[in-house]
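Chains as they are written, first to last, in my numbering: chain A, 233 to 707; chain B, 233 to 707; chain C, 233 to 707; chain D, 233 to 707.
Where is the CB? At the ideal position from N, CA and C, for every residue including glycine.
Keep in mind it's a predicted model, so treat the numbers as computed, not measured.
Structure first, then comments.
4 protein chains.
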Amino acid sequence: MPKADKFREACGVVAIYAHPEAEKLAYLGLHALQHRGQESAGIVTSDGDALRLHKGMGLVAEIFSEEVLSKLHGNLAIGHTRYSTAGDSALLNAQPIRVQSNKGTIALAHNGNLVNASVIRSHLESQGSIFQTNSDTEVIVHLIARSKEQALLDAMADALRQVEGAFSLVMISPDRIYAARDPRGFRPLALGRIPGGGGPNGDTIVFASETCAFDLIGATFERDVKPGELMVAGPSGITSRFFAPPQPQSSCIFEHVYFSRPDSLVFGRAVEESRAELGRELAREAPAEADMVVPVPDSGVSAAMGYAAESGIPFRFGLIRNHYVGRTFIEPLQSVRDFGVKLKLNPVRSLLEGKRVVLIDDSIVRGTTSRKIVRMVRGAGAREVHMRISCPPTISPCFYGVDTPSMRELIAANKSIEEIREFIGADSLAYLSVEGLKKACGDGQKTTYCSACYTGCYPTDWVDVEEIQPARGRR
Amino acid sequence: MPKADKFREACGVVAIYAHPEAEKLAYLGLHALQHRGQESAGIVTSDGDALRLHKGMGLVAEIFSEEVLSKLHGNLAIGHTRYSTAGDSALLNAQPIRVQSNKGTIALAHNGNLVNASVIRSHLESQGSIFQTNSDTEVIVHLIARSKEQALLDAMADALRQVEGAFSLVMISPDRIYAARDPRGFRPLALGRIPGGGGPNGDTIVFASETCAFDLIGATFERDVKPGELMVAGPSGITSRFFAPPQPQSSCIFEHVYFSRPDSLVFGRAVEESRAELGRELAREAPAEADMVVPVPDSGVSAAMGYAAESGIPFRFGLIRNHYVGRTFIEPLQSVRDFGVKLKLNPVRSLLEGKRVVLIDDSIVRGTTSRKIVRMVRGAGAREVHMRISCPPTISPCFYGVDTPSMRELIAANKSIEEIREFIGADSLAYLSVEGLKKACGDGQKTTYCSACYTGCYPTDWVDVEEIQPARGRR
Amino acid sequence: MPKADKFREACGVVAIYAHPEAEKLAYLGLHALQHRGQESAGIVTSDGDALRLHKGMGLVAEIFSEEVLSKLHGNLAIGHTRYSTAGDSALLNAQPIRVQSNKGTIALAHNGNLVNASVIRSHLESQGSIFQTNSDTEVIVHLIARSKEQALLDAMADALRQVEGAFSLVMISPDRIYAARDPRGFRPLALGRIPGGGGPNGDTIVFASETCAFDLIGATFERDVKPGELMVAGPSGITSRFFAPPQPQSSCIFEHVYFSRPDSLVFGRAVEESRAELGRELAREAPAEADMVVPVPDSGVSAAMGYAAESGIPFRFGLIRNHYVGRTFIEPLQSVRDFGVKLKLNPVRSLLEGKRVVLIDDSIVRGTTSRKIVRMVRGAGAREVHMRISCPPTISPCFYGVDTPSMRELIAANKSIEEIREFIGADSLAYLSVEGLKKACGDGQKTTYCSACYTGCYPTDWVDVEEIQPARGRR
Amino acid sequence: MPKADKFREACGVVAIYAHPEAEKLAYLGLHALQHRGQESAGIVTSDGDALRLHKGMGLVAEIFSEEVLSKLHGNLAIGHTRYSTAGDSALLNAQPIRVQSNKGTIALAHNGNLVNASVIRSHLESQGSIFQTNSDTEVIVHLIARSKEQALLDAMADALRQVEGAFSLVMISPDRIYAARDPRGFRPLALGRIPGGGGPNGDTIVFASETCAFDLIGATFERDVKPGELMVAGPSGITSRFFAPPQPQSSCIFEHVYFSRPDSLVFGRAVEESRAELGRELAREAPAEADMVVPVPDSGVSAAMGYAAESGIPFRFGLIRNHYVGRTFIEPLQSVRDFGVKLKLNPVRSLLEGKRVVLIDDSIVRGTTSRKIVRMVRGAGAREVHMRISCPPTISPCFYGVDTPSMRELIAANKSIEEIREFIGADSLAYLSVEGLKKACGDGQKTTYCSACYTGCYPTDWVDVEEIQPARGRR
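Shown next as structure tokens:
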């Protein structure tokens with residue numbers, strides 16, 4: 233579906249400690265995390281001495297040519313992929329951020345969003361600090377440089393204690409890799425290992441936002457970085473400390489609903505399992521009389537299979553997605569109705585004609601895309617269209633690293649379900665309940681979830697909509 | 233899977249008669265046909281006077297920028313997308329071919345392969361004709377120019393009578409669009425219509441290799457161009473004639489097995505229907521004791537769903553495909569086994585662990601990719617892997633427009649099924665029978681099929697393997 | 233000065249027979265001939281078997297990267313650089329033209345213009361020949377292919393006898409290089425030799441439009457290809473024949489006035505010698521009372537030095553040329569007068585202030601640029617500006633390979649010298665006489681000249697302004 | 233000549249206050265200053281609110297497309313063009329540098345080199361400052377941010393008092409333009425005005441490294457920014473103050489010898505006048521018996537004309553420069569001697585043959601290029617070659633903004649003049665004396681000069697060769 237009508241994850245990170253081709257592993261890790269951010273990417277490597285940086289706009293495979301990678305050759309690396317906000321400073325705000333300071337040269341990549349960044353920044357600027365970007369991440373490096381602690385590790389812990397919000401981050405110095413997660417554990421960050429990869433005790437240590445990155449580079453998942461934990465991989469192995477006391481966990485449930493890849497383990501749980509269960513739960517909560525279950529591909533497929541399995545209604549690929557869409561520029565063709573959606577999706581008339589269809593999607597953001605899809609499915613001959621959404625209505629923006637539209641644009645923040653049904657033109661419409669959502673994702677088992685976007689209840693202070701809203705420098 | 237281990241369709245064509253934005257419709261048509269050829273594309277348009285051409289290497293969306301399209305503005309258009317053979321002459325051989333002759337300026341786009349091109353070419357050259365490309369398509373334009381017939385339409389019929397083999401082609405002159413199919417109907421070509429689009433009686437006439445192109449541009453499917461038929465869309469409407477007497481039909485069955493998009497009607501039959509039926513037939517012919525049916529995505533999905541439905545074994549997305557792969561250059565990473573396949577596919581351990589898996593794919597070409605996939609599925613914990621292929625073993629090359637490896641490379645031309653099973657490391661292996669294949673695709677209903685690649689029985693003369701093999705200028 | 237206000241040479245050619253790096257020598261030859269055409273270039277090489285072609289739009293150094301050249305590796309090569317006419321077919325019309333015919337694969341590069349091309353083309357098309365370009369050069373290859381002569385050399389002679397006009401051309405077959413000049417010898421073509429370069433008797437044979445190409449690649453000038461001569465360099469050395477009887481020579485005098493590089497020998501005479509003599513002759517014919525002689529750089533420098541030497545008035549670089557201008561896009565800045573000229577030229581106020589200046593240029597085409605320069609020189613403080621032009625007024629278009637404006641645009645075809653003086657705002661204006669021009673260029677010594685652009689007397693038939701004017705496919 | 237064998241100016245700056253198309257004027261100013269740095273360029277503009285930045289690698293005309301400029305639209309602008317040092321951080325070090333600080337958002341462009349940058353930087357880092365580049369310019373912005381002065385202007389003066397060395401710099405804040413020169417006035421910086429351009433009292437204020445930039449944008453030269461002066465152009469007009477007491481002036485004499493364009497006024501003196509006088513002085517100091525004076529173009533032309541005028545020996549363009557050389561990649565062709573030089577220069581045999589030649593150049597750096605030129609001139613038939621250099625031998629590196637080779641590479645630092653003569657193969661060799669040089673450039677009239685590169689006497693402390701040598705971050 234058109235990009236503008238989906239929530240967008242903001243960023244993935246990866247880090248490699250001690251591998252003769254660390255730059256390639258970082259590249260491949262970003263490749264596997266590409267779904268977490270497709271507008272810019274960067275890698276910083278170390279050969280034990282200098283930190284080399286390359287970042288650019290576009291997809292990972294476009295930014296890193298063979299030649300570029302060969303110039304980045306090193307045995308430590310961190311990488312970052314993200315959505316950038318529009319404007320000419322886009323590349324400037326791309327990560328990792330590399331700086332030179334009294335703690336040496338360091339580079340940092342961050343997934344999440346700080347909610348007290350602007351206050352800290354004002355304070356630092358008043359003391360003579362210079363900022364080069366609009367990114368809240370830069371606040372962290374300044375806090376490290378300003379810290380009275382002499383050792384880099386202590387200074388980092390000192391800095392992380394001062395920031396509030398969501399952060400899973402990796403940092404590189406010429407000879408070490410650091411990884412940390414905020415005390416509430418909003419965003420994922422996993423630790424893995426490549427046996428015999430070349431590290432201190434023979435192994436390569438890796439960190440990544442999702443475990444699918446481990447699979448591609450031949451690493452095995454060990455455990456998540458814990459909320460409040462700060463890990464260091466260095467010449468003498470891995471060490472761990474807690475920079476802050478534990479807080480109630482607030483893992484982002486949207487990782488399971490939509491962002492993460494189904495083949496990843498996230499917050500200790502297989503995403504595919506959650507997705508199928510979301511569909512089964514939805515079938516139990518909101519059954520429908522129909523001839524077939526049809527997903528809106530690709531994101532609705534897992535839930536649709538769960539729905540079909542639970543309901544006994546046959547699953548059909550009644551909508552075909554064109555994977556070549558890429559960056560076609562084509563402006564709306566007036567003569568073709570719902571043209572934008574048709575570029576990506578095409579209904580299979582031979583399947584849909586005369587049928588009652590349960591259409592499964594994972595969200596309705598503004599409603600305009602859903603409306604076009606429903607119309608298109610009807611146009612291909614469907615007799616009835618029953619829309620089922622595998623999560624609750626989204627009513628509040630996220631301040632922890634997800635790019636949500638403003639409340640004005642969120643259809644569920646402004647209309648009743650019946651009004652939405654009418655707007656999208658479905659015969660019936662149902663969302664999954666918040667309880668069903670949590671149950672499907674195993675809330676309370678390995679973690680507890682933040683579901684603020686569905687409930688409006690935010691787990692941190694500082695979430696002042698008035699103040700934070702305009703600051704869109706997420707990552 | 234790696235490109236090199238799939239058969240490759242050779243080309244899609246589209247043509248538009250009379251629309252104020254014909255160049256855009258042609259662009260979109262090619263966009264919808266992108267799966268039929270991803271290495272070069274071209275469009276020729278007419279504003280009633282001159283023929284404007286643009287072609288390039290790469291994906292349709294890369295070749296045609298907004299600026300390029302605006303320079304092609306016209307109300308008649310033809311387009312072509314194809315695989316090119318390697319070498320510096322790749323762009324030269326891209327289509328459409330535009331020439332100036334005594335019949336005026338014309339341009340032609342061709343899907344298929346002529347089997348008597350080299351003989352005709354030698355003859356033409358001996359009479360002083362000059363060739364600019366290695367493409368057999370150029371033979372057709374020379375035959376048109378050399379024809380004693382004065383009228384372009386007569387000259388075209390004259391030319392088409394002299395060539396033998398597979399051709400679905402569209403041609404443009406400043407004020408007309410021509411479309412023709414060879415007498416055996418090897419490759420598809422459909423006729424559609426956009427009501428009120430702007431043509432002579434108010435409608436726009438369109439031709440395309442597959443009907444999915446019609447869906448995107450808002451055209452309705454009317455009928456196939458018939459084998460041996462030559463159609464003209466011009467100021468006085470559409471006319472039809474038969475340039476050659478009917479022959480037994482030899483529609484390419486691989487269009488239903490693999491090439492065409494599932495949302496297309498091809499040879500009058502819904503492709504999705506054939507695909508699901510291939511899986512059901514396969515389940516009947518080659519059942520397996522297993523816990524789940526897993527497709528090799530994307531091409532094995534439909535057959536896997538059919539297999540699951542027929543067998544009652546649950547369908548699972550146990551392999552996740554990374555759609556961002558694009559043109560990553562990355563060379564094999566020595567430290568990661570089966571790296572090339574992992575870039576595109578990742579197994580879902582949480583699903584596969586401890587399970588008996590039926591793995592469904594649509595073909596085994598060289599066997600190397602299948603071997604890696606089986607190994608990867610086992611590596612993710614599967615207890616048994618039963619490979620099922622939704623078509624018969626491929627034992628002979630195609631001479632009608634499909635890019636098949638040489639016989640030396642085709643594993644099924646050189647090994648028994650048991651040897652292949654052993655090579656790929658599956659617990660069991662079965663292919664669909666030729667009878668099952670034909671039954672699943674509705675042989676004898678709307679058409680009869682060419683299945684030479686599975687049987688070695690070629691429907692035309694001139695198929696001299698010795699002579700034709702080196703001529704790889706397919707399209 | 234702005235490109236539009238200069239005559240433009242149409243093309244340079246180079247050919248290399250037998251050198252282990254023939255593609256590099258061809259590249260360098262084109263590099264040295266870059267001033268003869270800056271909008272497209274191409275090279276065809278042979279390794280004794282196939283002909284490899286690369287051509288593109290732009291400067292030679294942009295078109296041929298190291299990678300491109302390495303793919304062209306061969307020991308025979310021809311090259312072409314040219315101005316292209318506007319429009320989307322520009323690359324199509326770029327040369328060399330490579331074709332496959334009954335005489336084998338050949339490629340041809342042409343400097344000049346045929347005056348009977350359209351008549352021959354119509355005739356060939358009526359017999360079934362197909363043309364791919366608008367270029368008159370393509371006529372020659374068709375005549376070769378159609379020729380009843382079996383041997384390529386005989387067919388080429390046969391073809392060249394049928395065309396009329398200006399042509400200096402080089403041709404390559406897999407194992408030979410051909411070079412020919414029209415019987416009137418309009419355009420230059422020189423033969424050179426690299427001792428021990430690797431050819432049949434140890435030497436490499438080279439042909440080029442100007443000898444400056446020889447200097448760069450270490451070749452020594454041997455002699456010009458003679459008017460009406462057809463040379464072949466092949467395994468058994470060089471052979472020569474005359475395809476047509478001698479005609480009165482009509483060497484293009486503008487080669488000496490403007491086109492050729494001053495370090496070249498052209499038509500057997502040093503260009504630098506002619507240029508300085510043009511200035512001296514001008515000083516004798518049109519003296520001026522002044523304080524300094526200032527050239528319009530770069531083209532007026534040699535003549536200005538001659539004028540200064542003859543007159544005794546000091547030479548000064550009162551106008552500085554900015555060589556970085558390149559392809560700046562910048563549109564006219566309203567607030568800066570004569571902005572376009574200022575981008576390229578800047579007056580040196582400290583030299584010009586209060587002085588009487590003789591300004592020397594080599595031509596006035598439309599007059600608009602000269603007007604701006606005169607105004608700019610006055611603006612920098614010059615008290616008097618005496619314009620002197622080192623050739624006669626241009627009153628007629630060229631049909632032999634020079635891109636001249638239409639007569640409507642040529643200021644000298646429409647205004648008297650006094651009117652021109654008034655238009656450009658000079659205190660006095662004088663042109664060199666036709667007699668002075670011929671004398672300065674040594675007319676009657678090594679060659680006789682065509683000066684049709686100054687006299688309107690054309691040396692060939694077929695120069696029908698009405699008919700030929702619109703055909704702008706020059707090279 | 234090959235780039236590596238010339239001294240390279242390090243940077244040009246331009247600034248525009250109050251013009252409706254300030255971005256275009258800045259672009260054109262950089263265009264005129266292109267000779268001062270051709271490897272990167274940048275522009276920062278303000279529309280009174282935000283500062284917009286664009287910088288890139290390459291020539292000005294390549295970096296700033298029409299589209300880029302339109303995004304930079306503003307009425308204040310500064311620009312910078314420079315040589316970058318090699319390596320991946322090249323773009324990072326490009327200028328202007330834009331930062332956000334407690335004094336607001338500012339951007340700064342710097343021509344010159346600080347000699348105490350590393351000491352200050354260490355001190356700043358120890359206090360928690362973070363550096364993003366290797367450039368000494370970044371030190372200045374940190375000093376501004378750290379300054380206890382509240383007002384930006386006071387903070388700037390405070391910062392400039394702390395740095396030592398050469399700096400001509402321009403700075404932009406959202407509503408003001410600042411310009412300053414170091415107290416010794418090493419590098420030039422001129423103030424100009426466009427009457428009625430749109431500023432506070434109707435005029436546009438401009439600053440530029442050389443006055444040739446003024447000519448192009450229609451500005452008139454007013455005066456130089458004085459050594460130690462800090463100017464501000466803002467809503468209430470121009471104000472001036474001196475941030476430091478006056479020092480003996482040390483204007484870089486190499487600006488007159490080589491760097492500046494001949495049409496510029498630099499340090500209040502016409503460069504063309506100095507250059508011609510250098511030649512005349514050289515003729516008086518080091519006469520030669522010869523038939524012609526030949527410059528090594530383009531840089532030796534003015535001095536050669538002076539030499540010819542003074543000596544009475546005729547001036548001849550015996551070497552032709554190919555201005556298309558651009559960025560040809562071509563590696564040395566083994567078979568052609570002195571190939572690299574031949575790509576750029578070609579001797580005119582018809583002029584040189586049998587003659588005694590005085591060859592004039594403006595410097596000998598390593599000597600290798602001069603040797604090739606002498607050999608080439610002899611190869612074209614010259615009987616004698618007398619080399620004359622229009623400045624003294626270069627024996628010491630520059631620390632004030634010129635990129636000189638190390639002393640090991642400077643031929644004159646290691647060999648006697650006779651040894652150099654022998655190395656380059658000339659019949660005689662002479663350099664201009666230091667006294668002659670100063671006299672020719674008017675030393676003591678409008679300024680006094682730094683000639684440390686010829687004498688080894690440096691005008692500042694801190695010039696510790698050991699320490700500063702490796703720091704090559706000049707600009």
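Task: Alpha carbon of C:I372 to alpha carbon of C:Q394, nearest angstrom - done: If I take the Cα positions, the gap works out to 9 angstroms.
- [ ] Apply the 10 Å Cβ neighbour rule to C:C689 and answer buried if 16 or more other Cβ atoms are within range, or exposed otherwise.
- [x] So C:C689 counts as exposed.
Open item on the list: So with CB distances below 7 angstroms, who are the chain C contacts of B:G360?
Closed with: The answer, in chain order, is N334, A377, R378.
Task: Span of the alpha helix (DSSP H), counted from its first residue to its last, around C:V503 - done: Start and end: 503 to 517.
Task: For B:Y315, the three-state DSSP class (helix, strand or coil) - done: Reduced to three states, the DSSP call for B:Y315 is coil.
Task: Residues, ordered as in the chain, of the segment 574 to 603 of chain A that lie near chain B by beta-carbon distance below 9 angstroms - done: Listed by position, the residues of the segment 574 to 603 of chain A near chain B (Cβ gap below 9 angstroms) are K574, L575, N578, P579, V580, R581, S582, L583.
Task: Minimum Cβ-Cβ distance from D:E381 to chain A less than 7 angstroms - done: No, its Cβ sits nowhere closer than 7 angstroms to a Cβ of chain A.
Task: Other residues of its chain near B:E454: CB distance less than 6 angstroms, five sequence neighbours each side excluded - done: L423, G424, R425.
TODO: Given a cut-off of 7 angstroms, decide if B:S534 and B:A508 are closer than it, judged by their beta-carbon atoms.
DONE: Yes, they are a contact pair.
Task: C-beta contact flag for B:S628 and B:C685 at 7 angstroms - done: Yes, the pair counts as a contact, with Cβ atoms nearer than the cut-off.
Task: Under 7 angstroms between C-beta atoms of A:P415 and A:G344 - done: No.
- [ ] Identify which residue in D:D456, D:M619, D:R607 has its Cα closest to the Cα of D:I596.
- [x] Comparing Cα positions, the closest option is D:M619.
Open item on the list: A:P406 and A:G311 - do their beta-carbons sit closer together than 7 angstroms?
Closed with: Contact annotation: A:G311 and A:P406 have beta-carbon atoms that are not nearer than 7 angstroms.
Task: C:T601, DSSP secondary structure in three states - done: Correct three-state label for C:T601: helix.
Open item on the list: Looking only at its chain, what residues have a beta carbon closer than 7 angstroms to the beta carbon of D:I362, apart from the 5 residues adjacent to it on each side?
Closed with: Cβ neighbours of D:I362 beyond the five flanking positions: none.
Task: Which listed residue (D:R603, D:S622, D:R569) has its alpha carbon closest to that of D:E593 - done: Residue identity check: residue 593 of chain D is Asp in the sequence provided, not Glu. In terms of CA proximity to D:D593, D:S622 leads the group D:R603, D:S622, D:R569.
Open item on the list: Can you tell me whether D:D320 is helix, strand or coil according to DSSP?
Closed with: Legend: pLDDT at D:D320 = 43, less than 50; position of this residue unreliable, value from coordinates given subsequently. DSSP places D:D320 in coil when its eight states are reduced to three.
- [ ] Would you kindly work out how many angstroms separate the C-alpha atoms of D:S492 and D:A242, rounded to a whole number?
- [x] Rounded to the nearest angstrom, the gap between the Cα atoms of D:S492 and D:A242 is 11 angstroms.
- [ ] Excluding the 5 residues preceding and the 5 following C:G274 in the sequence, name in chain order all residues of the same chain whose CB lies nearer than 6 angstroms to its CB.
- [x] Sequence-distant Cβ neighbours of C:G274 in its own chain, meaning closer than 6 angstroms and more than five residues away, are K287, H312, A326, Q327, P328.
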